[in-house]
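Asks: In our numbering, the protein residues as written are 5 to 79.
Backbone N, C-alpha and C fix where the C-beta goes; we use that ideal spot for every residue, glycine too.
Okay, handing you the structure first.
Dropping the structure here:
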């Protein structure tokens, strides 16, 4: 139960922060690159980062539901 209450939300937050850092770095690479292939690849990776971030944000309800379920079972 401690894992669900402490570890999962912490890891979830780390994932979001990490993906945002990755996105920022990739966008910087895309802006400063002179090679069009690198720019296109950076945009592709940025799109993947956006997809992962929105997926994490929209699935936050699942984590909350799991925590509520565990709390109700303990009571």
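Quick check on the burial criterion: 16 or more other C-beta atoms within 10 angstroms. Buried or exposed for residue 53?
Replies: buried
Asks: Go ahead and label residue 21 buried or exposed: buried means 16 or more other beta carbons lie within 10 angstroms of its beta carbon, across all protein chains shown.
Replies: exposed
Asks: Mapping the DSSP letters down to three states, classify residue 40 as helix, strand or coil.
Replies: helix
Asks: On the CB-based measure, 16 or more other CB atoms within 10 Å of its CB, does residue 30 come out buried or exposed?
Replies: buried
Asks: Using CA atoms only, rank isn't needed, just tell me which of 42, 38 and 27 is closest to residue 55.
Replies: If we check each option's Cα against that of residue 55, 27 comes out closest.
Asks: With DSSP as the reference, label residue 26 as helix, strand or coil.
Replies: Helix.
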